[in-house]
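Reviewing the structure listed below.
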Amino acid sequence: MQNIELWSEEFGNTTDEPILLIMGSMSQGILWPDEFVGRLAAGGRRVIRYDHRDTGRSTSVDFEASPYSWRDIKDDVLRIMDTHGLESAHLVGHSAGGLLAQWVAVEHPERVRTLTVIGASPLGEFEGEVVMRALMGQPQPEGSLPPPTKEFVAFFQQTIAAAPPKDRNEQIDRLIAEARVLHGQGMPFDEDAERRLQERIFERATNLASVVNHRLAHGAEPRVEPVDSLHLVKAPTLVVEGTHEPCKPGHGALIAERIPGAELLIIEGMGHMLSPPVHEQIAAAILAHTAG
Numbered sequence: 160m161q162n163i164e165l166w167s168e169e170f171g172n173t174t175d176e177p178i179l180l181i182m183g184s185m186s187q188g189i190l191w192p193d194e195f196v197g198r199l200a201a202g203g204r205r206v207i208r209y210d211h212r213d214t215g216r217s218t219s220v221d222f223e224a225s226p227y228s229w230r231d232i233k234d235d236v237l238r239i240m241d242t243h244g245l246e247s248a249h250l251v252g253h254s255a256g257g258l259l260a261q262w263v264a265v266e267h268p269e270r271v272r273t274l275t276v277i278g279a280s281p282l283g284e285f286e287g288e289v290v291m292r293a294l295m296g297q298p299q300p301e302g303s304l305p306p307p308t309k310e311f312v313a314f315f316q317q318t319i320a321a322a323p324p325k326d327r328n329e330q331i332d333r334l335i336a337e338a339r340v341l342h343g344q345g346m347p348f349d350e351d352a353e354r355r356l357q358e359r360i361f362e363r364a365t366n367l368a369s370v371v372n373h374r375l376a377h378g379a380e381p382r383v384e385p386v387d388s389l390h391l392v393k394a395p396t397l398v399v400e401g402t403h404e405p406c407k408p409g410h411g412a413l414i415a416e417r418i419p420g421a422e423l424l425i426i427e428g429m430g431h432m433l434s435p436p437v438h439e440q441i442a443a444a445i446l447a448h449t450a451g
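So our numbering is basically just the index in the sequence shown, starting at one, shifted up by 159.
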């Protein structure tokens, strides 16, 4: 098995309450915005963010030679905690990172002080299958998660059918267009800021193409997530969802229903992205949630 090195960085004082930020699938840790991270650190938290394997400055894997599954990506969360000397931490996960955080909270409750889930789907509901059926125009079985919005589906159907980008500029333009869709329609979209972020992602990537290995990891061990397990979460839980969530609409409410005592925070105008207008509100909620 190939040795995996994970890039991480931390902010704040080592004696402060530790928060581990877990970003979504195929996403670098810097998608936790600097301003947002700074607000948490200024609020008296030791904040850690990291790049998943096959993203950013972490190891780029030859998947054919060293395949892995989503279970291994989940175990990387524990590896980061161990590396930073944390027996336990406050876990904050966005999108698929929120699913990873739920998973760790179910399997290792002693390591999770509190749980915060942002823009995520319930553990064990296999949200990717819902998205795939939507993209293929197939009906959703009764009882499935709410599907993504029509705008989301139309954009990714077009993306799948399009020819590969010719160069870096075209690829960045497509990523900006994707970010615009994920941002939702509830608040203004800052294209210039998004372009700067995508340029930064390009510059710091060990191998930008290797992020597709996360998709292969999902296929390597299908339906690996534990089902009907959210009632086992012991950590105080905060669930955050935007009113304009395009890809997981209503999923946050389902998480909050299934975790005993969970609090649901609905952010007006928020889509799937951690955009500047929501930084203050979400950071304040996390600081309050992790205070005691």
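Using N, Cα and C, we set each Cβ at its ideal position, and we do this for glycine too.
Would you say residue i faces chain D, with C-beta separation under 8 angstroms as the test?
{"i": "Met346", "result": "Protein chain content of the structure displayed is limited to a single chain, and chain D is not contained in it."}
Only counting the same chain, and skipping five residues up and downstream in sequence, which positions put a Cβ closer than 7 angstroms to that of residue i?
{"i": "Thr311", "result": "Reading off the sequence shown, one finds Phe at residue 311, where the question assumed Thr. Closer than 7 angstroms at the Cβ level, and outside the excluded window around Phe311, lie Val340, Pro405, Cys406."}
{"i": "Pro281", "result": "Leu389, His410, Leu413, Ile414, Arg417"}
{"i": "Ser247", "result": "Glu269, Arg270, Val271, Arg272"}
{"i": "Pro324", "result": "Gln330, Arg333"}
Spatial neighbours of residue i within its chain, please: CB distance less than 6 angstroms, with the 5 preceding and 5 following residues excluded, ordered by chain position.
{"i": "Val437", "result": "Ile426, Met429"}
{"i": "His249", "result": "Ile178, Arg272, Thr273, Thr449"}
{"i": "Ile418", "result": "Leu389, Val392, Thr396"}
{"i": "Ala200", "result": "Phe170, Gly171, Val206"}
{"i": "His264", "result": "Checking the sequence, you will find Ala at residue 264 rather than His. So the qualifying residues of the chain are Val271, Leu274, Val392, Ala394."}
{"i": "Leu424", "result": "Val399, Ala444"}
Please classify residue i as buried or exposed, where buried requires at least 16 neighbouring CB atoms within 10 angstroms.
{"i": "Met291", "result": "exposed"}
{"i": "Glu439", "result": "exposed"}
{"i": "Thr242", "result": "exposed"}
{"i": "Thr402", "result": "exposed"}
{"i": "Glu176", "result": "buried"}
{"i": "Glu269", "result": "exposed"}
{"i": "Leu214", "result": "Strictly speaking, residue 214 in this sequence is Thr, with Leu absent from that position. Result: buried."}
Considering residue i, what are the terminal residues of the alpha helix (DSSP H) in which it resides?
{"i": "Gly411", "result": "410-417"}
{"i": "Thr242", "result": "229-242"}
{"i": "Val398", "result": "Per DSSP, Val398 belongs to no alpha helix (DSSP H); it is in the beta strand (DSSP E), 396-401."}
{"i": "Glu194", "result": "193-201"}
{"i": "Phe314", "result": "309-320"}
{"i": "Gln330", "result": "327-342"}
Smallest Cα separation from residue i: which of the options?
{"i": "Pro300", "options": "Glu284, Ser217, Leu424", "result": "Glu284"}
{"i": "Ala224", "options": "Val386, Asp387, Leu375, Leu237", "result": "Leu375"}
{"i": "Asp349", "options": "Ser434, Glu269, Pro281, Lys233", "result": "Ser434"}
{"i": "Ala313", "options": "Ala264, Glu337, Lys325, Pro298", "result": "Glu337"}
{"i": "Ile441", "options": "Trp191, Asn162, Gln187", "result": "Trp191"}
{"i": "Ser217", "options": "Arg198, Asn366, Gly378, Leu424", "result": "Asn366"}
{"i": "Thr308", "options": "Arg204, Ser184, Arg230, Gly409", "result": "Gly409"}
{"i": "His431", "options": "Met182, Arg230, Val263", "result": "Met182"}
{"i": "Ala443", "options": "Trp166, Met185, Arg198", "result": "Arg198"}
{"i": "Glu164", "options": "Val370, Glu358, Arg333, Ile239", "result": "Ile239"}
{"i": "Asn372", "options": "Pro306, Phe222, Lys233", "result": "Phe222"}
{"i": "Glu362", "options": "Asn328, Gly343, Leu258", "result": "Asn328"}
{"i": "Ala364", "options": "Pro226, Ala421, Gly244, Gln187", "result": "Gln187"}
Between which two residues does the beta strand (DSSP E) carrying residue i extend?
{"i": "Pro177", "result": "176-181"}
{"i": "Val271", "result": "271-277"}
Helix, strand or coil, according to DSSP, for residue i in the structure here?
{"i": "Ile441", "result": "helix"}
{"i": "Ser369", "result": "helix"}
{"i": "Leu423", "result": "strand"}
{"i": "Leu389", "result": "helix"}
{"i": "Arg212", "result": "coil"}
{"i": "Gly252", "result": "strand"}
{"i": "Leu165", "result": "coil"}
{"i": "Phe170", "result": "strand"}
{"i": "Arg205", "result": "strand"}
{"i": "Ala453", "result": "Since the displayed the chain opens at 160 and closes at 451, residue 453 lies outside it and no answer follows."}
{"i": "Glu358", "result": "helix"}
{"i": "Met160", "result": "Because the pLDDT at Met160 is just 46, under 50, the model does not fix this residue reliably, and the value given afterwards should be weighed accordingly. Coil at Met160, not helix or strand."}
{"i": "Leu245", "result": "coil"}
Among the residues of its own chain, which have a CB less than 8 angstroms from the CB of residue i, if the five just before and after it don't count?
{"i": "Glu447", "result": "Note that residue 447 corresponds to Ala in the displayed sequence, not to Glu. If we look at Ala447 and ignore the five residues flanking it on each side, it has no Cβ neighbours."}
{"i": "Gly345", "result": "Gly401, Thr402, His403, Glu427, Gly428, Met429, Gly430"}
{"i": "Gln316", "result": "Leu294"}
{"i": "Val383", "result": "Ser228, Trp229, Arg230"}
{"i": "Arg354", "result": "Ile331, Ile335"}
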